[in-house]
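Throughout, the numbering used here is defined as the position within the sequence shown, counted from one, plus 14. Only one structure is covered here, and it is reproduced in the block below.
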Amino acid sequence: MAVKDPYRALGVEKKASQEDIKKAYRKLARRWHPDRNPDDPKAEDRFKEIQEAYDLVGDPEKRKEFDAGGGIFGGGGFDPGSFRTGAPGAGFGGIGDILSDLFGNAGGPGGAGGRPRSERGRDLETEVHISFQQAMEGAQVPISVSMSAPCPTCHGTGAKPGTKPEVCPRCAGRGVEAESQGVFSISQPCRECGGTGTKITDPCATCSGAGATRQVKKYKANIPAGVRDGSRVRLAAKGEPGHRGGPSGDLYVITRVTESPVFKRKGGHLEVEVPITIVEAIRGGTIEVPTLTGRKRIRVPAGTQHGTIQRLRGEGPPKLGGGARGDVHYRLSIDVPSSLDAKQREAVDEFAEAMNGDDPRARLFTS
């Protein structure tokens, strides 16, 4: 790769100071380092371009030579040693020194000069079945979760009890190794130890050296009042344990709520279908209705029509996280008897006669 304009590659003007060039390089190197962009195939090329550009103008003497037309690799060429930490360079500390400041001695977040990176444990999901009443009131429910956890025999080392893992001879315990690609050196996980920095010669019989086994963990999950079917309740740090000192993941409990035969959720409210008699619809009055906390009475206006809705405010489901409760909507449905005895039929006939032949459909035929 030949950088034609190192100033443009670093995003600085040609008259920029050496300090500005150094700051620009630090910022871009941190952003485009391959270890920080494992899923971006263009990151490595961009990183190399930044390296080459800084090698051309990061040192005052090389910069003068470049500005005078000395060429990209003629006289002021890229020094492979300047990319390696501690290598003698061009008098400005070397690119490797700056990368060490940014990422550690390996030129990457893991730091080949330090320990292998810790890793956060995986997040897990499990489902719990609860009743409608539990969803409305909240509940503490037991859950069991299968997960990978440190082996109880070797306590996560992977080595047979009484022994311990040895330092990996290939990477000297760093967990990463440098691979030369032309004039560049890229760090990657050690092929011998897989990035752990250790090698097990006498593995634990329980976990076969893996350091972990499948285990069932039991917890008590506090389900808050107001959850719905499919709500996610987070249990912090109850997921899989981390690796090499990393934090545990989280456990997400998915609620599966059994439907109520009486209450139906409608947004933030509840709806109940309430049958009333013809007499109650005509005369009006008060009737008992169910609520989440017991029976209460509501008013049925005289002349109530089928489908009329009456409300009890604040008697509905609680709002997750607090706040005002929803309402209960009672949809009144007139219950028409399918059969009548002689006395009832006589009463209906008298009622029809008293209505003087009123026809509720007459308005459909008026123009």
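No residue lacks a Cβ here, since even glycine has one placed at the ideal position from N, Cα and C.
Whole angstroms is fine: what's the gap from residue i's alpha carbon to residue j's?
{"i": "residue 106", "j": "residue 38", "result": "Unreliable positioning characterises residue 106 in this predicted model, as indicated by a pLDDT of 43, which lies under 50. A coordinate reading is not provided."}
{"i": "residue 78", "j": "residue 29", "result": "12 Å"}
{"i": "residue 136", "j": "residue 171", "result": "19 Å"}
{"i": "residue 152", "j": "residue 338", "result": "16 Å"}
{"i": "residue 139", "j": "residue 193", "result": "39 Å"}
{"i": "residue 185", "j": "residue 206", "result": "8 Å"}
{"i": "residue 247", "j": "residue 142", "result": "10 Å"}
{"i": "residue 57", "j": "residue 212", "result": "30 Å"}
{"i": "residue 62", "j": "residue 187", "result": "27 Å"}
{"i": "residue 328", "j": "residue 276", "result": "18 Å"}
{"i": "residue 279", "j": "residue 326", "result": "15 Å"}
{"i": "residue 5", "j": "residue 203", "result": "The chain is shown from 15 up to 381; residue 5 falls before or after that span and cannot be answered."}
{"i": "residue 250", "j": "residue 263", "result": "7 Å"}
{"i": "residue 176", "j": "residue 216", "result": "10 Å"}
{"i": "residue 234", "j": "residue 25", "result": "55 Å"}
{"i": "residue 34", "j": "residue 71", "result": "11 Å"}
{"i": "residue 45", "j": "residue 265", "result": "32 Å"}
{"i": "residue 296", "j": "residue 290", "result": "10 Å"}
{"i": "residue 350", "j": "residue 294", "result": "12 Å"}
{"i": "residue 316", "j": "residue 237", "result": "43 Å"}
{"i": "residue 174", "j": "residue 155", "result": "38 Å"}
{"i": "residue 396", "j": "residue 66", "result": "With the chain covering only 15 through 381, there is no way to say anything about residue 396."}
{"i": "residue 149", "j": "residue 253", "result": "23 Å"}
{"i": "residue 32", "j": "residue 82", "result": "17 Å"}
{"i": "residue 311", "j": "residue 323", "result": "14 Å"}
{"i": "residue 365", "j": "residue 359", "result": "10 Å"}
{"i": "residue 344", "j": "residue 319", "result": "13 Å"}
{"i": "residue 182", "j": "residue 189", "result": "8 Å"}
{"i": "residue 145", "j": "residue 157", "result": "15 Å"}
{"i": "residue 348", "j": "residue 243", "result": "31 Å"}
{"i": "residue 54", "j": "residue 73", "result": "30 Å"}
{"i": "residue 41", "j": "residue 19", "result": "18 Å"}
{"i": "residue 257", "j": "residue 225", "result": "10 Å"}
{"i": "residue 21", "j": "residue 208", "result": "39 Å"}
{"i": "residue 169", "j": "residue 330", "result": "50 Å"}
{"i": "residue 51", "j": "residue 68", "result": "20 Å"}
{"i": "residue 281", "j": "residue 321", "result": "19 Å"}
Just list the residues that DSSP pairs residue i with in beta bridges.
{"i": "residue 161", "result": "229"}
{"i": "residue 293", "result": "According to DSSP, which records beta bridges pairwise, residue 293 is partnered with nothing at all."}
{"i": "residue 202", "result": "191"}
{"i": "residue 154", "result": "236"}
{"i": "residue 348", "result": "290"}
{"i": "residue 212", "result": "181"}
{"i": "residue 343", "result": "285, 325"}
{"i": "residue 140", "result": "267"}
{"i": "residue 175", "result": "Beta-bridge pairing links residue 175 to no other residue."}
{"i": "residue 79", "result": "Paired residues: none, contrary to the question."}
{"i": "residue 133", "result": "257"}
{"i": "residue 217", "result": "173"}
So with Cβ pairs under 8 Å, would you call residue i a contact of chain B?
{"i": "residue 223", "result": "In summary, chain B is missing from the structure at hand, where a single protein chain is found."}
Assuming residue i contacts residue j under a Cβ cut-off of 8 Å, what Cβ separation, rounded to an integer in Å, is found between them?
{"i": "residue 240", "j": "residue 333", "result": "6 Å"}
{"i": "residue 300", "j": "residue 314", "result": "7 Å"}
{"i": "residue 133", "j": "residue 223", "result": "Not a contact, Cβ separation roughly 18 Å."}
{"i": "residue 1", "j": "residue 167", "result": "Absent from the structure is residue 1, since the part of the chain shown begins at 15 and ends at 381."}
{"i": "residue 284", "j": "residue 342", "result": "5 Å"}
Does the beta carbon of residue i fall short of 7 Å from some heavy atom of the ligand COA?
{"i": "residue 68", "result": "Questions concerning the ligand COA fall outside what the structure shown contains, since it holds no ligand whatsoever."}
Is the region 223 to 237 close to the region 161 to 181, with three or more CB pairs under 8 Å? In the pairwise beta carbon analysis, the region 223 to 237 is classified as touching the region 161 to 181: at least three pairs are separated by under 8 Å.
Does the region 353 to 371 come close enough to the region 329 to 337 to have 3 or more Cβ pairs within less than 8 Å? No, the region 353 to 371 does not touch the region 329 to 337.
Would the region 299 to 311 and the region 266 to 275 be scored as touching if the rule is three or more Cβ pairs under 8 Å? Contact fails between the region 299 to 311 and the region 266 to 275, because fewer than three Cβ pairs, one in each stretch, are under 8 Å apart.
In chain order, what are the residue ranges of uninterrupted beta strand (DSSP E) at least 3 long that sit wholly in the region 245 to 332? You should have 246 to 249, 265 to 271, 278 to 280, 283 to 291, 299 to 305, 308 to 314, 323 to 326.
Counting only runs of 3+ residues fully inside the region 39 to 67, write out the beta strand (DSSP E) ranges in chain order. You should have found no qualifying run.
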